[in-house]
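Remarks on the structure that follows.
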C-alpha cells in the first residue's frame, strides 16, 4: 500500500521524539570525556536542548498520526498529549539539576544522558501498542532511573534507595512480563488492539473470561501498579523518593508515573476494555487504599521529601478515581490530572532541591520555619504548589480533582459516587499536611542560623514555568481540557 | 448593557487589581501601602454604589448580568445580582475600608501581606455574592479561605495557629462535600448555571427522588451551616474570631458568616425546595438552640472578644430561623439582619480592637470604669451595643423584629422561643458594658488611657451613622429586596409542599432534644396539627 521508502520516513517521523532524545543522549555520552570537569554543565544544556527539540519533534509526529513499525508504536492524540506531559517533566527536572549537581559535586554528563534515556523509555510507554514494546520502554525508563536514584554515590541513603528500587523494580517488571506471557498464551498476540479483538471473540463464545487471562491481567496490574505507586505496591516509594537526589525524585514522581498511567490506560481500556467488570473493583479498592495510606502516612511525616512522596501516593489514588470511571471522560480527566500534577509536583521538588542546600541537609519541615520572611518569593511559590496539591480552586490541582470527580460521578454508579466521597474526604485530610508546611513557613519565627542561598537562574526559569503552568491550568484550563478530551477520544475509535 | 455591562466584573476584580499595585511597592514603604489600600477600598465602595443607581427594584430577574463561556461548554463566567446580593456586596465594600482603617497602626509586621490578604478576601467575597454559576461560586467560596487563614495565622493573637487550622479544616470539610453535590447536580442537569438549573426544575425536566434531594440538600446545607455557623457546628467560630486580628474579626463576622446564610438562600432553598421544607423543623430547632445557647455562653465569657464572638452564634441563629420560616417578612428580616449584624458586630469588634490596641488584652477583668478616661469611645461603644441588642429604632431591632413577626405568622412556638434570645442579648451586652465602662476605674493603668483618636472617631462615627441610617431608613432596604425575596419563595414553594403540612423527619429532631430539655415541650406542640 504505502511505498517502502515513504513508509519508512513516516515511521521515522512518528518516532521522531524518541530518536531525537536518543541522539542527544548519545551526543552527551560521546562528548562527556572531552569536556573538562569545570564545563560539564554545558552537557546539561545540550540535554536541555535535546529535550526541547524532542518537544518540537512531538509536533512533527503529531502531523503523522497512525501506526509505526508494524503497529508496535502508535501516534495518536493520546500519545502526543502524554509525550508533552513527560517532556515537560523532563525539561523542568533538567533545569533543576544544573545547580544541584554542582552543589553536590557530582556534575557529570551521564546524568543528563540517563535522564534523556529515561525519557525515551517513557515516550515508548506512552505510544506503545504492543506489550513487548511496552516492556522494552518500561525497562529503558526503569534502568535509567535505577542509576539516577543512586547517583549521589557517596551517600548511603542514595545507595540504599537505588538498590531497593532496583531489586523491587526488577521484580515488578518481571510480574509485568509474566502477565504479558499469559495474555499471549490466551490470545496468541501481544498487540494491544488485537488482544482486544481476541477477547471480544472469546467473550462472544463463552461468558467467562479464561482464567489464564484473568491471571495475566492481575500480574500486569501488579507490575504497572508498582511503577505508578499505588497501594498495596507503594511500600518502596517513600524510601526511594527520600534517598534519591531531589531533582531525580521530582522526575520519578512525575514522568514515569504519567507514562505508566498512559500504558495502563491503553492496556486496561483497550485490551481489557470488554472485561471492565474484571478490573473495576480492583481499581476501586486500590484507589481507596492508595488515597488513605498516602494521606494518613503523610500526616505524620517530618521530612519534606518523605511527605511529598506519600502525597504523590495519595495523588495516584485520586487519579485512580478518574481511572475507575472507565469512560472517555475518565481518561481525559486522568490526562488533565497528570498534566497539572507534573507542574505542581516537579515545582514542589524544585523548591525542596533549592532549600535542601549542600548534602540535602535541610529537609525537615522545621527547617523551613520563617522562610517567608527570608525568601518571600520562594515561600510563595512553594505555597502555590502545595495549595495546588491540596486542590484549592484557581490552581491546576483543583481542576484535576474536579474533572476526576466529575468523570466518576457522571457514570452514575453508586460505587463510584462513594469513591468520590471518600476521595473528597481524603483531600481534606490531605489539606492538613500541606497547610502544616505553610504554617511553618509563614507563621513561625525564622531560624537564626539559616542563610538562604540565592536561587539560581535556571531554577528561576523552571519555577516560573511550573508556577505559570499550575496557574494556567487552574484559571484557563479550556484548551488543555479540550486536548485531553480529544486525546481520550482517540483511544476509543468507535 | 453599555457601560454597565462590566460593572460587576469591575467591582469584583478592582480589589485584586489594587493588590497588583500593592505588590509593586517595596514592603518597607508602609505609609504608601496603607494609603493605596485605603484609597482602593474607598474607590471600590464608590464604584459599588453605582449598583444602587442602576438597580431596578421591581425586576425579579438577576441584573447587571454578564455571561461568557469559560471552561468547555458547561462552565460559564456568569455574574448577576438581585436585591439580596446587592446589599451584601455593599456591606462588603462598606466594611473593607473600615477594616483597613482599624489596622492602620495595629498591624506593624508585614503590612503589605496584610493588606494584600484583606483585598484578596474582598474580591473573593464579592465573587461569591455575584456568581450565578455553581463552579464559579465554588471557586470564589474556596478562595475566601486561604487569605483569611493567613490573616488569622500571621497577625492573630496567642493561639492563632490553632485557630487558623481549625477554621480552615472545618470549612474545607463542609465545602468539599458541597463540591461533590455540585458535581452530582451537574451530572443530572448537564449545566452548572444556576438560572438554567432552576428553569429546568420549574419546567419539570429535572427532579430528584426525595432521598437524593435530601442528600444533596444536606451536602450544601452542611457547608453553609458550618460557615454561618449553626449550632452545633459553631465551635470553630469563637476561636477564629478571638484569635484573628481586629480587621480579620470584622471581615469574618461582618461578611464571611453571611456567605453561609446567603448560600442557604441562594442555593439550598430554590434548588432543593422539598428537602428544605422537610428539614425546616429540625433546622429551626437548631437555630433556636443556637440563639439561646450562644446568648447564654456569651453571658458567662470573661474575654470580651469571645463574648462578641458568641453573640454572632446567637444573632445568626435568628437569620437561619427567619429563612426557614418561608415567608416574605421573615426572609426580608433575615436579609436585613445579615446586613445589620454585619454593621453592628463589625462595629463591636472594632470597638474591642480599639481597647486591645490600648491595653493588649481582651480580659473583661482588666477593664472597668473606662467611661471616665475615655468618654467618647465608651459612648459609641454603648450605642453600638444598643444596636446589637436590638433597641428600637436602631438597625438590630428592625431585623430581629421582622424575623420574629414573620416567624410568628407561621410558627408561634418558634417565635416565642427565639424571642427569649432577644431578651438575653440585652443581658449579656449591657452587663458586659457595665463591667467594662461603668463604676470606678479599678486598674491603675486604665486611668491614663487616651480617648478615641481622630482616626478612631472617623471609624466610630461612620459606624454609628450606618447603624442609625439602617434603623431609620429601613424601607429603603426592604423595598429593594422584596421582589427578590418573593422570587426565592416562589422557587421554593412547589405544588407538593404547598398542599402538605411541613413534614417532620423525626430522627435528627429527637437527637437534638437532649441538648435542651425544654425543647421537648416545643416538640409536643409542633407535632400536633
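Chains as they are written, first to last, in this note's numbering: chain U, 1 to 494; chain D, 1001 to 1529. A virtual CB, placed ideally from N, CA and C, is assigned to each residue, including glycine.
- Chain-order list of chain D residues neighbouring residue 442 of chain U: 1150, 1153, 1154, by C-beta distance under 7 Å.
- The C-beta distance from residue 1319 of chain D to residue 1058 of chain D rounds to 26 Å, too long to meet the 8 Å contact threshold.
- By the Cβ criterion, the region 178 to 186 of chain U is not in contact with the region 148 to 165 of chain U, since fewer than three pairs of Cβ atoms, one from each stretch, lie closer than 8 Å.
- Secondary structure note for residue 73 of chain U: it is in no alpha helix (DSSP H), and the uninterrupted beta strand (DSSP E) holding it is 73 to 75.
- Taking 9 Å as the cut-off, the beta carbon of residue 345 of chain U is found no closer than this to the beta carbon of residue 243 of chain U.
- For residue 385 of chain U, the closest C-alpha among the options U:349, U:235, U:253, U:88 is that of U:349.
- Taking all protein chains in view, the Cβ of residue 371 of chain U is crowded by 16 or more other Cβ atoms within 10 Å, so the residue is classified as buried.
- Among the residues of chain U, those whose CB is under 7 Å from the CB of residue 1180 of chain D are 405, 420, 421, 424, following chain order.
- The region 1016 to 1097 of chain D contains, as complete alpha helix (DSSP H) runs of 4+ residues, the segments 1030 to 1054 (chain order).
- Bounds of any beta strand (DSSP E) do not take in residue 38 of chain U, whose DSSP letter is neither H nor E.
- Shown here, residue 1239 of chain D sits in a helix according to DSSP, grouped into three states.
- At least one CB of chain U lies nearer than 9 Å to the CB of residue 1140 of chain D.
- Our two residues, residue 108 of chain U and residue 332 of chain U, have alpha carbons roughly 39 Å apart in a direct line.
- Residue 1197 of chain D places its beta carbon 9 Å or farther from that of residue 1350 of chain D.
- U:388 is the residue among U:471, U:388, U:414 whose C-alpha sits nearest the C-alpha of residue 435 of chain U.
- Taking 7 Å as the upper bound on Cβ-Cβ separation, chain D lies near residues 428, 431, 432, 435, 439, 442, 443 of the region 428 to 452 of chain U.
- In this chain, the beta strand (DSSP E) harbouring residue 68 of chain U covers 66 to 68.
- By the Cβ neighbour-count rule, residue 454 of chain U is exposed, with fewer than 16 other Cβ atoms within 10 Å of its own.
- Counting along the chain, residue 1431 of chain D sits inside the alpha helix (DSSP H) bounded by residues 1412 to 1437.
- Rounded to whole angstroms, the gap between the alpha carbons of residue 1488 of chain D and residue 1138 of chain D is 20 Å.
- Sorting U:421, U:219, U:198, U:94 by C-alpha distance to the C-alpha of residue 249 of chain U places U:94 at the top.
- Looking at the backbone, the Cα of residue 1021 of chain D and that of residue 1117 of chain D are separated by about 13 Å.
- For residue 202 of chain U, the enclosing alpha helix (DSSP H) begins and ends at 192 to 205.
- Nearest in C-alpha terms to residue 1485 of chain D, of all of D:1133, D:1335, D:1315, is D:1335.
- The beta-bridge partner set that DSSP reports for residue 1303 of chain D consists of D:1363.
- According to DSSP, residue pairing for residue 489 of chain U in a beta bridge does not occur.
- Comparing alpha-carbon positions, the option among U:467, U:176, U:315 lying closest to residue 383 of chain U turns out to be U:467.
- For residue 1151 of chain D, the uninterrupted alpha helix (DSSP H) run begins and ends at 1145 to 1155, by DSSP.
- The Cβ atoms of residue 1032 of chain D and residue 1136 of chain D lie no closer than 9 Å to each other.
- With fewer than three CB-CB distances shorter than 8 Å, the region 1366 to 1376 of chain D does not count as touching the region 1415 to 1424 of chain D.
- Look at residue 482 of chain U: its C-beta is under 9 Å from a C-beta on chain D.
- Per DSSP, reduced to three states, the secondary structure at residue 105 of chain U is coil, with no helix or strand assignment.
- For residue 1143 of chain D, the chain U residues whose C-beta falls within less than 8 Å of its own C-beta are 392, 393, 394, listed in chain order.
- For residue 323 of chain U, the enclosing alpha helix (DSSP H) stretches over residues 304 to 324.
- For residue 155 of chain U, the secondary structure class from DSSP, reduced to helix, strand or coil, is coil.
- Looking at the backbone, the Cα of residue 217 of chain U and that of residue 76 of chain U are separated by about 24 Å.
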